[in-house]
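Residue 745 in the working numbering sits at position 715 of the sequence shown, and the numbers go up by one each step.
Just so you know, even glycine gets a beta-carbon here, dropped at the ideal spot from N, CA and C.
The structure presented is a predicted model; accordingly, all values stated were derived computationally and were not measured.
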Amino acid sequence: MDNTQPTLPRQETTMRTKTNKHTKIYIAALNVLTLRTEESLSELSLALQNTKWDILGLSEVRRIGENIIAYPDFILYHMGQTPGKHGVGFLVKKYLAKHIIGFYGVSERIALLNIKLPEYKDPWTIIQIYSPTEQAETETTSQFYQELNKTLQTYAHKNAIVMGDFNGQIGERQWDEDAIIGPFTYSSKPRSRNGKMLAGFAMENNLTILNTMFKKNKNRMWTWLSPDGKSKNQIDFIMSNKPKCFTNINVINNLNFNTNHRMVRAELNSSQPKNPRPKINPEDIKLNRYSTEENVNSLNLKLKEYKRETKDAGIQEKYNWLERTIKNTIKENKTKKENSNNWISEKTTNLLEQRSALISAKMTDNNRKEITKISKEIKENIRKDRRQRRMETIERHIRQTGDYYTELYKDNTNEREIELPDNEIIPYILQEETEKAINTQKSDKAPGPDGISNEILKQMKADLIPILTEIFNGVISTEIIPKQWTESNIILLFKKGNHSDMGNYRPISLMSNIYKNFAKVILKRIERKLDEQQPIEQAGFRRDFSVLDHIHTSRKEKCSRYKRREAGDPLSPALFLAVLENIFRKIEWRDLGININGRSITHLRFADDIVLFAKTPDDLGKMINDLASESAKFGLKLNPEKTKIMTNGKKDPVTVEQTQISYVDEYIYLGQLISPEDNINKEVERRIAKGWKKYWGAKEIMKDKTFTFQLKVNYSTHASCPY
């Protein structure tokens, strides 16, 4: 047998050297249909001469066995088992040969390349695949993905790429898939069976499908042409868990090679992107971190001077004195340095002291041996202490997790004031009411602009309760509100979508905790009266009311959704419901709505989530415009762009404020997908996707083997439940 390697056409390539450093590494995937003969390999080599590439993954190579062959300009690796079928492999440019860690053939459908790319700290794993077709048995495709999952999770390095012919259509991006699928998909057709498996695999392994992340003309997105030339689809993909390292992706449409697939090529930064160091302002330290025993004792003494210092002062002056006294006391004790090593156990501390004493003593052989022995113990104990600290931190955050979001408050009411008869005597606030409000405030919450935390108020409540009660009663009797209560720090939390769109941020108002205690006292007094005035249609912010009834009703009927932002202090939910109820009482919808169990239903409310029900588009248009018009009188504005209509009938145009409301086939209402088809499978898929998204958001916890299974369960239940 002649073992002489054939001579292939030499490609015109530019070798990377220190003096000719390129800014990109081109990683591509192509289904070649066959490279069984040297002639077909020569044909591919010629076709690649005018195309930029550095690493090319190959599907359907159809070469038997596992082999690595060096050619003048590249290295060929292939893996195949069935004669004339399947097979995968790689072509790697010669200049990268010294960076190759190794090839690994998992099967005739999965091959792996580990490579230490220049300028990257961690190696890259590139997995080339050839998936079973849509016509294959479901069990066959499932086994393929099980094997692919195992390969990625067992053999892959920190940086991973999975690419090749997946033989599946992903269709449009679905709910909560923004982490794996971008906005630029090729087809709006339903997701195929293989496409569903591909999306599930990507979600499970936190892989982004790069084909969908860069906007391209539709003609530059398809990767496969049917044998009859009539159908085009996107079934070849490149995915990575490091999408920010890639600057572009293209489909090469002029490759002169005999295949009905087109090459997909991603452009990888030749150097690892650097993460900016977080800037820490040393002065930006919350006052509650210094809520120490020294603060309590010092503040106790100063608060005893309240009566004398504020004898003839008004409400604003009294409040200023109280705020200034608390803040100044804490600042005085701020100079005492906080112990940053308080996580180290007493045992570790004792070992450190023993070693320090030995080092200071006269050095002998016995001392050296003892120092070595103690050093090993110190290292082991510090490891245990760090683990214990991490577990305690996670458990603390799990306990603290809850619904703490408060929205930006804004006064949009008309410039008019209603004079109410002052014929009711308001009972004085009791110290017991103030104490209950303080006790029910949550700890470990960010303070408002005054920096006074709930921890301080709780620790000082014995001395503060009489003072605060006096101030609260003064506010009611004089109708003078301390100006500090009108101030708040507003921070923006990103939700999802485009980072440059301000509508994708949730505003959080950090208000004075003293004001929140006052508001809680007032709310406790009025909530029963307000709740009695709410109709059965309103289920938000009410005891013994659930979202389930509203979801059940909405799943049956066509509906329109109206949404706005709520305010940001303890009173605002109750007051908002009162205003909303007043609006609906002024609207006349007697002959509108739909009949459910003999009762006419025009709408459902869950806080500010409102669903309107109508028999016809004309009725719905009237109802939306009535609601918008009446709401405007109270300073509330309906956003037509965020108002959607869903129907099981004719889609006639509906307009509000000269804007046409768009129809949708599905939407999320109270955390559940609603659609006329009542497709529960889609809702299950959405929740699975959301669960994986939460999982990868906490991967340091969920994938850390040092954490107990029970701790992970607790975290999943309290902090990442996908509902």
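{"Query": "With 16 other Cβ atoms within 10 Å as the buried cut-off, status of Ile556", "Result": "exposed"}
{"Query": "Arg295 in three-state terms, based on DSSP", "Result": "strand"}
{"Query": "Whether Phe664 touches Val609 by CB criterion (8 Å)", "Result": "yes"}
{"Query": "The region 52-62 touching the region 81-89, judged by at least three CB pairs closer than 8 Å", "Result": "yes"}
{"Query": "Coarse secondary structure for Val62, derived from DSSP in three states", "Result": "coil"}
{"Query": "N-terminal and C-terminal residue of the alpha helix (DSSP H) that Gln183 is part of", "Result": "Thr168 to Tyr185"}
{"Query": "Own chain residues within Cβ distance below 6 Å of Ser218, not counting five before or after", "Result": "Glu202"}
{"Query": "Three or more C-beta pairs below 8 Å linking the region 280-288 and the region 239-256", "Result": "yes"}
{"Query": "Nearest-angstrom Cα separation, counted from His187 out to Gln165", "Result": "33 Å"}
{"Query": "Close Cβ partners of Met233 (< 8 Å) along its chain, the five nearest in sequence each way excluded", "Result": "Glu207, Ala209, Ile210, Ile718, Ala719, Trp722 and Lys723"}
{"Query": "Beta-carbon proximity check, Ala658 vs Glu611, cutoff 8 Å", "Result": "no"}
{"Query": "Euclidean distance between Cα positions of Lys742 and Asn484", "Result": "29 Å"}
{"Query": "Nearest-angstrom Cβ-Cβ length linking Ile131 and Lys146, presumed shorter than 8 Å", "Result": "6 Å"}
{"Query": "Identity of the residue in Ile157, Tyr101 and Thr112 nearest Tyr125 by Cα", "Result": "Tyr101"}
{"Query": "Three-way DSSP call (helix, strand, coil) for Lys137 in this model", "Result": "Per the sequence shown, the amino acid found at residue 137 is Ser instead of Lys. Strand."}
{"Query": "Residues of its chain near Gly259, where Cβ-Cβ distance is below 8 Å and the 5 sequence neighbours each way are ignored", "Result": "none"}
{"Query": "For Asp649, the first and last residue of its enclosing alpha helix (DSSP H)", "Result": "Pro647 to Ala662"}
{"Query": "Rounded C-alpha distance that separates Thr112 from Ile94", "Result": "7 Å"}
{"Query": "Nonlocal neighbours in the same chain, by C-beta distance under 6 Å from Asp574, ignoring five residues either side", "Result": "In this predicted model, Asp574 has a pLDDT of only 48, less than 50, meaning its place in the structure is not dependable enough to derive any value."}
{"Query": "Residue burial classification, Thr632 (beta-carbon count within 10 angstroms, cutoff 16)", "Result": "buried"}
{"Query": "Separation of Phe244 from Asp25, as counted between CA atoms", "Result": "As shown, the chain starts at 31 and ends at 753. That puts residue 25 outside it, with no answer to give."}
{"Query": "Cβ-based burial, Thr215 [other Cβ within 10 Å; buried from 16]", "Result": "buried"}
{"Query": "Proximal residues to Leu228 (C-beta, below 7 Å), its chain only, five neighbours per side dropped", "Result": "Phe196, Gly198 and Ile200"}
{"Query": "Span separating the alpha-carbon of Leu78 from that of Ile55", "Result": "15 Å"}
{"Query": "Neighbour-count burial assignment, Gln514, 16 or more Cβ in a 10 Å radius", "Result": "buried"}
{"Query": "For Asp266, three-class secondary structure by DSSP", "Result": "strand"}
{"Query": "Proximity to Lys334 [Cα-Cα], best of Gln346, Ile345, Gly344 and Trp351", "Result": "Trp351"}
{"Query": "Proximity below 8 Å, CB of Ser328 to CB of Thr359", "Result": "yes"}
{"Query": "Distance CB(Asp493)-CB(Asn330) smaller than 8 Å", "Result": "yes"}
{"Query": "Contact test: Ser483 Cβ vs the ligand MG heavy atom, cutoff 7 Å", "Result": "The ligand MG is not part of the structure shown, which contains no ligands of any sort."}
{"Query": "Per-residue burial, Glu462 [other beta carbons within 10 Å of its own, 16 or more giving buried]", "Result": "exposed"}
{"Query": "Reduced DSSP secondary structure (H/G/I, E/B, other) of Asn144", "Result": "strand"}
{"Query": "Beta bridge counterpart(s) of Phe636 as assigned by DSSP", "Result": "Asp639"}
{"Query": "Own chain, CB closer than 8 Å to Lys357, minus 5 neighbours either side, in chain order", "Result": "Leu317, Asp480, Gly481 and Ile482"}
{"Query": "Given 8 Å, three or more beta-carbon pairs between the region 541-552 and the region 384-396", "Result": "no"}
{"Query": "Test: Leu657 CB closer than 8 Å to a CB of chain B", "Result": "Although the question refers to chain B, the structure presented lacks it and comprises just one protein chain."}
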